[in-house]
Amino acid sequence: MFTKQTLDFLFENRLHDSKAWFEEHKEDYNRLVLKPLQELVVALTPSMLEMDGNFTTEPRVDKTICRIRRDTRYSRDKSLYRDVMWIIFKEGKMHGTEVPGVYFEINGGGFTYGCGFYNASTSYMNTMRELILEGDKTFKKAKKVYESQSVFHLEGEKFKRPHYPDQPPELQDWLDLRGISFVAESKDFDLLFSERLSEKLIADYKLMTPLYNFLLHTASLERQSQTANQLLQY
């Protein structure tokens, strides 16, 4: 279970930003950060496999749990350690970008959770727009569920100018996205530091299932399109 000490450790570790300090306090990391993340993965796994039986669910770093040490090779920020931690359920590799993921993140301001892409490809978003314009039934179900709930909001960078001005406003909100995620945010520390957290997440993830199904359906069609295009080149 997460505690205030979990957040304190993440803050202090980032403040020191020292491999030596981290190694000296690695037992604290294992107890305060890693173990609660592992416990949460285990608690969520049955419901996650109901959502998608192909999810990777091993409660291990680089399987469902992020590394606390940052990869700074391609970042201007050369800080060694992060002060946020997350878990993610995806098909295949944790860091793959081809399929959506279902995630939970803990940070100094509370926690966030939802599903979507860290960086959806242009071809993926093009496929998604085609499905929306075609009136795909998976999209219609996702849209109906999204509009009937108030837990998750649609998030993603948008085009600077509307690309589909002739479409209804409720479709423009989806069509003008350059990336896509469904996100819930909370500052309820009493919930975060309680055994009720997994129950709340399970209930909300279940609500979100049609949204995830649409994202996964789009990914499947986008992969099929790419395979067909590759075959045409031979």
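Residue numbers (this note's numbering): 11 to 244.
Glycine residues also receive a C-beta, built at the ideal position from the N, C-alpha and C atoms.
Helix or strand or just coil, what does DSSP make of M11? Walking along the sequence shown from the start, residue 11 turns up at place 1. It is coil, neither helix nor strand.
Look up S158 in the DSSP assignment and say whether it is helix, strand or coil. One-based indexing of the sequence shown puts residue 158 at position 148. It is coil, neither helix nor strand.
Count the other C-beta atoms from every protein chain shown that fall within 10 angstroms of the C-beta of T137, then say buried if there are 16 or more, exposed otherwise. The sequence position of residue 137 within the sequence shown is 127, counting from 1. The residue is buried, with at least 16 neighbouring Cβ atoms inside 10 Å.
Determine, using beta-carbon pairs with one atom in the stretch 88 to 96 and one in the stretch 124 to 135, whether at least three such pairs fall under 8 Å. no
Do the stretch 15 to 32 and the stretch 82 to 91 meet, that is, are 3 or more Cβ pairs less than 8 Å apart? Verdict: yes, contact present.
What residue does the alpha helix (DSSP H) around A194 start on, and which one ends it? Counted from its first residue, the sequence shown places residue 194 at position 184. Looking at the DSSP string, A194 is not in any alpha helix (DSSP H); the run it does join, the beta strand (DSSP E), is 191 to 196.
Residue span of the alpha helix (DSSP H) that contains K2, given as start and end: Because residue 2 is not part of the residues shown, which for the chain are 11 to 244, the question remains open.
Beta-carbon separation (whole angstroms), F65 vs L202, contact threshold 8 Å: The count along the sequence shown starts at 1 and reaches residue 65 at position 55. The count along the sequence shown starts at 1 and reaches residue 202 at position 192. 23 Å between Cβ atoms; not a contact.
Top-ranked residue by Cα proximity to Q177, from L143, F99, E108, V52: Stepping through the sequence shown from its first residue, residue 177 is reached at position 167. Among L143, F99, E108, V52, the Cα nearest to that of Q177 belongs to L143.
Measuring CB to CB, does R188 end up less than 9 Å from F169? For this step, residue 188 is matched to residue 178 along the sequence shown. For this step, residue 169 is matched to residue 159 along the sequence shown. In this structure, F169 lies closer than 9 Å to R188 by Cβ.
Spatial neighbours of A229 in its chain, beta-carbon cut-off 7 Å, leaving aside the 5 residues before and after: Locating residue 229 in the sequence shown gives position 219, counting from the first residue. E108, V109, P110, Y134, listed in sequence order.
Could you give the distance in angstroms between the alpha-carbon of S57 and the alpha-carbon of K100? By 1-based counting over the sequence shown, the position of residue 57 is 47. By 1-based counting over the sequence shown, the position of residue 100 is 90. The alpha-carbon atoms of S57 and K100 are separated by roughly 13 Å.
Run through the stretch 73 to 156 for me and flag every whole beta strand (DSSP E) of 3 or more residues, listed as ranges in chain order. 95 to 100, 111 to 117, 120 to 126
Say whether the stretch 198 to 217 touches the stretch 112 to 129, bearing in mind that this needs 3 or more beta-carbon pairs closer than 8 Å, one atom from each stretch. yes
Taking its Cβ as the centre, do 16 or more other Cβ atoms sit within 10 Å of P179, making it buried, or is it exposed? To locate residue 179, count along the sequence shown from 1; it is residue 169. Exposed is the call here.
Have a look at Y174 and A194 and give me their C-alpha separation to the nearest angstrom. The residue labelled residue 174 in the question sits at position 164 within the sequence shown. The residue labelled residue 194 in the question sits at position 184 within the sequence shown. If I take the Cα positions, the gap works out to 27 Å.
Would you mind reading off the limits of the alpha helix (DSSP H) that contains E49? The count along the sequence shown starts at 1 and reaches residue 49 at position 39. Run containing E49: 45 to 61, per the alpha helix (DSSP H) assignment.
Cβ-based burial, D81 [other Cβ within 10 Å; buried from 16]: The residue you call residue 81 lines up with position 71 of the sequence shown. Flag for D81 reads exposed.
Please check the pair T16 and V43, which I expect to be a contact at CB under 8 Å, by giving their CB distance rounded to whole angstroms. Position 6 of the sequence shown, counted from the first residue, corresponds to residue 16. Position 33 of the sequence shown, counted from the first residue, corresponds to residue 43. 6 Å between Cβ atoms; contact.
Test: N23 CB closer than 9 Å to a CB of chain C: Among the chains in the structure shown there is no chain C, since it carries only a single protein chain.
Quick check on DSSP: helix, strand or coil for E232? Residue numbering aside, residue 232 sits at position 222 when the sequence shown is read from its first letter. Residue state, collapsed to three classes: helix.
Buried/exposed call for N40, threshold 16 Cβ in 10 Å: On the sequence shown, residue 40 is found 30 positions in, with the first residue counted as 1. Burial call: exposed.
Host alpha helix (DSSP H) of L201 (start-end): Here the question's residue 201 lines up with position 191 in the sequence shown. From DSSP, the alpha helix (DSSP H) with L201 extends over 199 to 202.
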